Amino acid sequence: MSIADSMQPRLSPEDAGKLEQTWRDPPGIIGWFSAINHKTISIRFMVTTFGFFILGGLLALAIRLQLAFPGARLVNADLFNQLFTMHGSTMMFLFAVPVMQAIAMYLVPLMIGARSVAFPRMNAFAYWIFLLGGLMLYIAFFVGVGPDAGWFAYVPLSSLQYSPGKRIDIWAQMITFTELASLMEAIVLITTILKMRAPGMTLNRMPLFVWAILATSFMVLFAMPAVMLASTALITDRLVDTQFYNPDRGGDALLWQHLFWFFGHPEVYLIFIPPLGVISSVIATFSRRPIVGYPAMVLAVIATAFLAFGLWVHHMFATNLPELGKTFFTAASLMIAIPTAIQIFCWIATLWSGRLDLRTPLLFVLAFFVILVLGGLTGLMLASVSLDTQLHDTYFVVAHLHYVLMGGAVFPLFGAFYYWFPKFTGRMLGERLGRWNFWLFFIGFNLTFFPMHVLGLWGMPRRVYSYPKEMGWGSLNFTATVGAIMIAVSVLLFIVNVVRSRRHGEAAGNDPWGAGTLEWGTASPPPAGNFEMVPVVHARDPLWAPKSLPTHVTGLSNEYREILVTSVADAELDHRLWLPASSIWPFLAAVATTVLFVGSIFTPWAVVWAAAPVAAATTFWFWPKKDIIEKRTGSEVNP
Amino acid sequence: MRRHAVLFPILGTAGVTETARAAPLQDALHAYGIQAWHIGRLWNFTLALCALVFVAIVAACLIALWRAPRADAKSTPPDMTSLIRPERGIHRTVAWAVGAATLGLLALLAADVFTTRALGRMPLENAVNIELTGHQYWWEARYLDPDFQRQFSTANELHIPVGRPVIVTLKSKDVIHTLWVPNLHGKRDMIPGRTTTMQLRADQPGTYRGQCAEFCGLQHAMMALLVEAEPDAQYEAWAERQRQAAPAPASDAVRRGRALFLEKSCARCHTINGTGATATQGPDLTHLAGRKTIAAGMLPNDAGHLAAWIQDPQSLKPGVYMPANRMRPDELHDLVAYLETLK
Amino acid sequence: MSGQPEQKPMQQPPPAPQHESNADGHLLDIMHLPTFAFGTRSPMWWGTMGLMAIEGTVFALCIMAYFYLRSHSGFWPTGGMPPELLWGSVNTAIMLASAVPNHFAKRAAERLDLQKVRLWLVVCMLFSVAFLAVRVLEFKTLNTSWDSSAYGSAVWMLLGLHTTHLITDTYDSLVLTVLMFTGPLEGKRFVDVSENASYWYFVMFSWIPIYGVIYWGARI
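Protein chains in written order, with numbering that gives the first Met the number 0: chain L, 0 to 638; chain P, 0 to 342; chain A, 0 to 219.
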């Protein structure tokens, strides 16, 4: 029996039932649209982002099939340019960052001992906005007006003169949707982490995963505005003739690049930092010991988050910016390797001094040490201005970015799914299928992307729909395509594993892994209110630490959605708060906002007339319900 | 021919470089010019250092996995001794490793700075000055000279003298393009509204292929450039020929062909010196027949391909700005005959 | 709560859920804790701060873009004439003055004084009408249009972004004002008033650098 189960005082079944009633989502169709429980929203979010991952992967497969042979005519130039634009945009905006926020949304309240996130309705709104934005993009693609200027949409190519029609406007507005969703998520996560931790969970005792999410969320606040401003200026240039990016009227093509990459570089760290938290969770559990060097690990994450904002010009080394300035960014790009190195060495030290259980989650995490490390090293190569002038915009960069993004994020993400699937569903994923999934993915990945380093050195530029036979690039391209097919098969195995395990997987119990963090101290899946009784924390890895008194909180209502608010640094008791009930208004407000955003692709007046429904929906969302207020007025305690 | 070649020290590339040698030269691993050579040296150093680090980290990981005892997660209580006793030894090891990593990073920084300085020190006396303007999807080249009469224009194929510096001024007419001739130098962006320069030098004679390396639209993939490096005397002879106007037609067919060039829409976009056609929307055709390729490196320059291109460029390279030109087969034949005299 | 027309008697809190006895210190009792709190104690404060961080970053980046474009321009302002100083300066005065009723609204909220909250929120709304009206005049006297040059685009974007914030701040203050009259009310509504006041300060004070850039950026 794990330590977790033995510690649990229980509510009476009657009270547990009432608590469940209070926190769960309402039934029925209207109920489905009104749901705001963070776990419900998170599962939807995870499924949606995974859906986009599959779509993005299919796009990649199409790209690889076209490039497998020189001079192939599988897709024409126009479709190819849409394919790689959609692939990049999907993976970067619709998958990589949102999936991390989705997982965080599920796990953070559980890990910190909270019943909910801080702003559950805004959380739901963020999901709907995200879904509707992604749908808009894909509908456009399927009707033949998919964007085709790359996921980075450099001007002047993306300006109206060189990209007529609405393709780029759709892309730019997709940015607005997805960045709005991410920004709201970041506010929700920061507030939840800082104000809703269980009593006794000082910052010093917070799980490393939660630190990673906190750092990431702060980064989101400062990075995403840059791309929102850039894309808004692009929309206005295209729609109402502003001149931000037009060199003939005082604008500048590089303004776009500066704004985009000021967002774009931190963006990849938004993708990279949460998995660092996953790795810490998984390695600790499967090494049977806490991670070596907790303070160093925390400082490393914070340092990485700060430094990430100082690198963006390394995407612009081929431009005519001053050389001295570029060298500064070389130094910064090299320096950011130091905090990552600290983390890598601490993890290796943990493995070295632990007792290992080589289960599938750990396998996926271990892949990080091969794949991300290789990708990070090619990153150091690209950090040098001179080397970059040969490697920039070639397949070498394609190799690099996939090594860091897949090694640094996707592999740990699969590890996260294998690790936390039992918590989400109450069942274990199949271990044997998991191993097949892993090895196919690992081998397929390397087969696909390692040859691309060579292709880049051999002169193959990026974003080419085909290449001449004489260049001699055919056999490596073919190899890469074979690898891509292997990756597709491995993902298929994952889907099979998930579908099978939902029905027939081994029952998980509260804590199948004997882990140390609070999410394992409640049922799998957790009850609607997360914990029957909110725990009190006395150490890091609370389920591993020796039992201390008091163990749990008492007095939280099971009639209202009552949560505990604690102080920022030391999680001392502060006050209680009643969170709002389920509501359909976040969904309706998201629909209204969608009308505004999509309308403004076609006319600037949409901002005016569509503002009214948005205002109405958000007002109804906010407006309190008389009967609920009157019922609990008597319980009000003034500060 | 390989004195300045940069070796690619990874196993199994010997057979692979054979294939590369038969293909047109477009790779960063074989430097035929001083700038590419400097970068190649930096590449070798960086590759060696990074490979070492990679092996060390993977080895550390594998050894950790091999030597650690196995346990079943659920039933094995966690080891909490690190809470009681600080793990000084482990912390020290991590600190040393981080220190070593920092030193490695400083070495890379130093190597980069040295290389940047070396690249900036190429002697520039007696340079050839070329102004290269990027277009969707071709390269416009103007060879500059203090004496205006000695300037000339060409497109998609550059000749440069071996051993003499070449200063390339980079501009763009429409969107961002990038000049990249990897055997000679790294790449540089051509940004509308800005002017950049690049200094390079070929140190071996040969034909070096380059490609646009910034996504510039529909036919970005088919925007290649050929750089012919030849001994100075041969280069000067070529340049002298480029300065001449097109020769007068010597036969009736050729004369008819020239008339067609002027009557049809060709002269609205193309220049041929000596005919009165001075438009610059499309490439300068005065010496078209001397080039190895047409359509920016996409097609061989022979009568068949030329005819097909003139008739319907969109079918070969959809999205180019050159429209279709319908004409009778005999007209086409004459026009091509004329173009073939433009050596 | 003070200010409510009828005082409801303090009801007995609902019976506590059944659990192990907390006499031996196993359990931490939180029932005495207040049900709302002000300032940094409140999650709403943190949410509002997050919003300010985002919007402040947008403003800062837009200002940087203005100066970036300026550094690449020969003539500035392009088109010759900088914006007229009158209406922008008048509006700056109005906005700064609105800090007064805003301050009193915030203080009243923190004292749970419903009557004063209602009064000062209404005064704030009057200021809103004023500065929105003057904002229209500001747009009319910018001496440039958004499509004439990058300078014009930057100036309109800056003013436009701030105006969007003025409008949304006015609207949500209006909703809150109405609610404070109609009810239903509970403790955390006073926290909302307090945080709305903080956001109001942000919109007013972030105007100062933007005003500086739009009106003086082309004069120095």
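Beta carbons: idealized from backbone N, C-alpha and C, even for Gly.
Owing to the predicted nature of the structure, the values given are computational and were not obtained by experimental measurement.
Look at residue 174/P here: in three-state DSSP terms it is coil, with no helix or strand label. Each of 168/L, 124/L, 284/L, 251/L was checked against the Cα of residue 69/P, and the nearest Cα belongs to 284/L. Restricting attention to 200/L, 172/L, 219/L, 161/L, the CA atom closest to the CA of residue 187/L is found in 219/L.
Burial check for residue 556/L: the Cβ neighbour count within 10 Å reaches 16 or more, so the residue is buried. When 299/L, 263/L, 55/L, 614/L are compared, the shortest CA-CA separation from residue 591/L is found for 614/L.
Contact annotation for residue 92/A against chain L: no contact, minimum CB-CB distance about 28 Å [criterion: below 8 Å]. If you draw a straight line from the Cα of residue 286/P to the Cα of residue 36/P, it comes to about 33 Å. For residue 128/P, the enclosing beta strand (DSSP E) stretches over residues 127-134.
Counting every other CB atom within 10 Å of its CB across the protein chains shown gives residue 146/P a total below 16, marking it as exposed. Taking a C-beta cut-off of 9 Å against chain P, the contacting residues of the region 446-467 of chain L are 453, 455, 456, 457, 458, 459, 460, 461, 462, 463, 464, 465, 466, 467, listed in chain order. For residue 132/L, the uninterrupted alpha helix (DSSP H) run begins and ends at 119-141, by DSSP. Contacts between residue 191/P and chain L, judged by CB atoms closer than 8 Å, involve 155, 246, 252 in chain order. With a threshold of 9 Å between beta carbons, residue 205/A makes no contact with chain L. Taking C-beta atoms under 8 Å as the contact rule, residue 65/A and residue 249/L fail to qualify, at a distance of about 11 Å. In the three-state reduction of the DSSP assignment, residue 210/L falls in the helix class.
Residue 282/P counts as buried, since no fewer than 16 other beta carbons sit within 10 angstroms of its beta carbon. Taking the Cα of residue 611/L as reference, the smallest distance to any Cα among 593/L, 626/L, 628/L is reached at 593/L. For residue 193/A, no Cβ of chain L is located within less than 9 Å of the residue's own Cβ. Distance check between residue 38/P and each of 323/P, 340/P, 186/P places 186/P closest, using alpha-carbon atoms only. Any Cβ of chain L closer than 9 Å to the Cβ of residue 268/P would place that residue at the interface, and such an atom is absent. Within the DSSP secondary-structure output, residue 210/P pairs in a beta bridge with 223/P.
Take residue 280/L, set aside five residues on each side of it, and the residues of its chain with a beta-carbon closer than 6 Å to its own are 208, in chain order. DSSP places residue 506/L in the strand class (E or B) of the three-state scheme. The Cβ neighbour count for residue 494/L, taken over all protein chains shown within 10 Å, is under 16; the residue is labelled exposed. The C-beta of residue 369/L comes closer than 9 Å to at least one C-beta of chain P. Where residue 159/P is concerned, the enclosing beta strand (DSSP E) starts and stops at 156-160.
Against residue 81/P, the close residues of chain L are 288, 289, 291, in the order they occur along the chain (beta-carbon pairs closer than 8 Å). Chain order gives the chain L residues near residue 26/P as 456, 457, 458, where near means a beta carbon separation below 7 Å.
No Cβ of chain L is located within less than 9 Å of the beta carbon of residue 254/P. For residue 148/A, the closest of 244/L, 407/L, 520/L, 389/L by C-alpha to C-alpha distance is 244/L.
Put simply, the backbone Cα of residue 199/P is about 7 Å away from that of residue 166/P. Residues of the region 41-54 of chain P with a Cβ closer than 7 Å to any Cβ of chain L, in chain order: 41, 42, 45, 49, 52, 53. Taking a cut-off of 8 Å on C-beta distances, the region 352-360 of chain L does not touch the region 109-119 of chain P, as fewer than three cross pairs fall below it. Beta-bridge pairing by DSSP links residue 188/P to 177/P. Per DSSP, the unbroken beta strand (DSSP E) holding residue 553/L starts and ends at 551-553.
Between residue 277/L and residue 364/L, the gap from beta carbon to beta carbon is short of 9 Å.
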